[in-house]
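**Student:**
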Amino acid sequence: MLDPKVFSRRRQDVMHLMAEGVAVIPTSPECTRSRDVLFPFRPDSDFYYLTGFAEPEAVAVLCPNRDQGEFVVFCRERDPERETWEGKRAGLDGAISQFGADDAFPIDDIDEILPGLLENRTKVFCTVGSHKDFDIKLLNWVQEVKNKSRAGITAPNEIVDLGHILHELRLVKRTEEVNVMKRIAKISASAHRRAMEVCRPGMSEYEIAAEIEYVLKKSGCDSWAYPPIVAGGVNACILHYITNRDTLHDGDLLLIDAGGELEYYAADITRTFPVNGKYSGPQKAVYEVVLAAQLAAIDQAQVNRHWNWPHAVALKILVEGLIDLGLLKGSVEDNIEQGNYRRFFMHRTGHWLGMDVHDVGDYKVANEWRILEPGMVITVEPGLYISGDDDIDPRYRYTGIRIEDDVLVQRKGNLVLSSHAPKTIDDIESLMASG
Ligand code: GLY
Ligand code: MN
Ligand code: MN
Numbered sequence: 002m003l004d005p006k007v008f009s010r011r012r013q014d015v016m017h018l019m020a021e022g023v024a025v026i027p028t029s030p031e032c033t034r035s036r037d038v039l040f041p042f043r044p045d046s047d048f049y050y051l052t053g054f055a056e057p058e059a060v061a062v063l064c065p066n067r068d069q070g071e072f073v074v075f076c077r078e079r080d081p082e083r084e085t086w087e088g089k090r091a092g093l094d095g096a097i098s099q100f101g102a103d104d105a106f107p108i109d110d111i112d113e114i115l116p117g118l119l120e121n122r123t124k125v126f127c128t129v130g131s132h133k134d135f136d137i138k139l140l141n142w143v144q145e146v147k148n149k150s151r152a153g154i155t156a157p158n159e160i161v162d163l164g165h166i167l168h169e170l171r172l173v174k175r176t177e178e179v180n181v182m183k184r185i186a187k188i189s190a191s192a193h194r195r196a197m198e199v200c201r202p203g204m205s206e207y208e209i210a211a212e213i214e215y216v217l218k219k220s221g222c223d224s225w226a227y228p229p230i231v232a233g234g235v236n237a238c239i240l241h242y243i244t245n246r247d248t249l250h251d252g253d254l255l256l257i258d259a260g261g262e263l264e265y266y267a268a269d270i271t272r273t274f275p276v277n278g279k280y281s282g283p284q285k286a287v288y289e290v291v292l293a294a295q296l297a298a299i300d301q302a303q304v305n306r307h308w309n310w311p312h313a314v315a316l317k318i319l320v321e322g323l324i325d326l327g328l329l330k331g332s333v334e335d336n337i338e339q340g341n342y343r344r345f346f347m348h349r350t351g352h353w354l355g356m357d358v359h360d361v362g363d364y365k366v367a368n369e370w371r372i373l374e375p376g377m378v379i380t381v382e383p384g385l386y387i388s389g390d391d392d393i394d395p396r397y398r399y400t401g402i403r404i405e406d407d408v409l410v411q412r413k414g415n416l417v418l419s420s421h422a423p424k425t426i427d428d429i430e431s432l433m434a435s436g
């Protein structure tokens, strides 16, 4: 866990921006996987960002200038019997001593206590839409306060999306966050290296997925950040392929999109390499186009450039390449304007990366693409996905290639956090030959 001071500073930053409001932030609900079995619990990112508290059934309330303390936590009480089954709980005392709460109450008492925290506040900040059942509870608590108006108590009259404030903070990573993101990117890149080293024709996609998960888990990751995509041959053209059950064939490419999660920060890396360790001529030709687009896009991921520039540059190079390969006809400009390229490149070149893989933060401000700032982390992930349609040159059919890196924008020039995973043809082939 990061230093508790980090979480305290984040709360202060948010409260500073909230002025007179009160913020109510629930963690994620637990989810059933099957009957008595739950999915592994993962706290809500907004909640965790502000608290460092990873137990389920918890709500944080930030009440700037409250006499009895500004940071209130509702959580599970200690319960020796339940703890024998489920593990240790912080309890109310732990919420105060370990997590810096000024006040802590049992989660079971929230209906009685929470309305009081809303009294005489003008605004309630909440994570609108993230947890819909909780939104309804919150509206009911606001209504309860309204019902007390004859007693001279005023209820909040504005419900504001906390994300508007909080996600701006989450978008720009501070040093301690960058350090975690460097670690998880390196671990995840090692997992990709391992996949390249062990891959052989005849293996199954799930065997490679197991190797990746082995490296992530053995390196101390809590989990993967998203289910790994291990897509051999034609499966690489299914963008979110996670079945991972097919056999890997000699002559096919293998696209792997996998990243771990550490301290609730994600890596998101894609590499595409030949199952037999050697790219064929046509595979090389397509790969070089994607790599050129990716390198040029990374070059654009710099302070003071627009968020869209990496995409615009990558798109131009991909379209030029598609024309050179004979897969598109006509001019670069016309193909871009008419969107013909979407048949081969149907997503954008990247997204914000942080606690969530597709991280929070606006991409446009005042209807203009955002300017990149130091501390932002983006993915750069152009790809080409060539179907098996009859009009496609048979040499290129069923070729799916994506190359994805995680890039930290810095004043002194950007840093590719995932560079430990090789991506040139020579580097990949020599690593695979050594495996
Ligand atoms: N792994 C999801 C993505 O690349 O956006
Ligand atoms: Mn991505
Ligand atoms: Mn990805």
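Residue numbering for the sequence shown follows this note's numbering, starting at 2 and increasing by one per position. Virtual Cβ for every residue (Gly too), placed ideally from N, Cα, C. On a predicted model such as this, the values are computed, not experimentally measured, just so you know.
Can T350 and V381 be called in contact, C-beta distance under 8 Å?
**Tutor:** Here residue 350 refers to the residue found at position 349 of the sequence shown. Here residue 381 refers to the residue found at position 380 of the sequence shown. For T350 and V381, yes; Cβs fall inside 8 Å.
**Student:** Using only CA atoms, which one of P27, T85 and L172 lies nearest to H359?
**Tutor:** On the sequence shown, position 358 is the one that residue 359 refers to. That would be L172, whose Cα lies nearest to the Cα of H359.
**Student:** Taking contact to mean 3 or more Cβ pairs, one atom from each stretch, closer than 8 Å, check whether the region 263-281 and the region 245-254 are in contact.
**Tutor:** With the cut-off at 8 Å, the region 263-281 and the region 245-254 touch.
**Student:** DSSP three-state label for R344, please.
**Tutor:** The residue given as residue 344 occupies position 343 in the sequence shown. Helix.
**Student:** Is the region 401-415 in contact with the region 362-381, if contact means three or more CB pairs nearer than 8 Å?
**Tutor:** At 8 Å Cβ cutoff, the stretches touch.
**Student:** Curious, which full-length beta strand (DSSP E) runs of at least 3 residues does the region 228-287 contain?
**Tutor:** Listed in chain order, they are 230-233, 254-259, 261-263 and 270-275.
**Student:** Return the first residue and the last residue of the beta strand (DSSP E) that I160 is part of.
**Tutor:** Translated into the one-based positions of the sequence shown, residue 160 becomes position 159. From DSSP, the beta strand (DSSP E) with I160 extends over E159 to D162.
**Student:** Give a yes or no on whether the C-beta atoms belonging to Y386 and C238 are separated by under 8 Å.
**Tutor:** Counting from 1 along the sequence shown, the entry for residue 386 is found at position 385. Counting from 1 along the sequence shown, the entry for residue 238 is found at position 237. Result yes, Cβ atoms of Y386 and C238 sit closer than 8 Å.
**Student:** If I follow the unbroken alpha helix (DSSP H) through D134, where does it start and stop?
**Tutor:** The residue labelled residue 134 in the question sits at position 133 within the sequence shown. Element bounds for D134: K133 to K147.
**Student:** Compute every distance between the C-beta of D269 and the non-hydrogen atoms of ligand 2, then say whether any falls below 7 Å.
**Tutor:** Stepping through the sequence shown from its first residue, residue 269 is reached at position 268. Checking the Cβ of D269 against ligand 2 gives yes.
**Student:** Helix, strand or coil for S205 per DSSP?
**Tutor:** Translated into positions along the sequence shown, residue 205 becomes position 204. Three-state DSSP puts S205 in a strand.
**Student:** Out of I337, S431, L328 and Y49, which one is the CA nearest neighbour of D390?
**Tutor:** For the purposes of this step, residue 390 is identified with residue 389 of the sequence shown, where counting begins at 1. Checked all of I337, S431, L328 and Y49; the closest Cα to D390 is L328.
**Student:** Take every Cβ of the region 229-236, pair it with every Cβ of the region 253-273, and state whether three or more of those distances are shorter than 8 Å.
**Tutor:** Touching, yes.
**Student:** Give me the residue from H241, Y215 and E289 with the minimum Cα distance to M347.
**Tutor:** In the sequence shown, the residue the question calls residue 347 occupies position 346. Taking only the C-alpha atoms, the option nearest M347 is H241.
**Student:** When the distance is taken between beta carbons, is I26 closer than 8 Å to F75?
**Tutor:** Counting from 1 along the sequence shown, the entry for residue 75 is found at position 74. Counting from 1 along the sequence shown, the entry for residue 26 is found at position 25. Against a cut-off of 8 Å, the Cβ pair of I26 and F75 comes out as no contact.
**Student:** In chain order, which continuous runs of the beta strand (DSSP E) of length 3 or greater are located wholly inside the region 303-391?
**Tutor:** 378-381 and 384-387, all fully within the region 303-391.
**Student:** Taking 7 Å as the line, does the beta carbon of E262 fall inside it for any heavy atom of ligand 1?
**Tutor:** Mapped onto the sequence shown, residue 262 falls at position 261. Flag unset: Cβ of E262 not near ligand 1.
**Student:** For a test of the three-state rule: what should DSSP assign to V7, helix, strand or coil?
**Tutor:** Counting from 1 along the sequence shown, the entry for residue 7 is found at position 6. Helix, per DSSP.
**Student:** Pull up the distance between the alpha-carbon of H352 and that of A268, whole angstroms please.
**Tutor:** As a position in the sequence shown, residue 352 is number 351, starting the count at 1. As a position in the sequence shown, residue 268 is number 267, starting the count at 1. Approximately 12 Å between the Cα atoms of the pair.
**Student:** According to DSSP, which residues form a beta bridge with K124?
**Tutor:** Locating residue 124 in the sequence shown gives position 123, where the first residue counts as 1. Its beta-bridge partners are E159.
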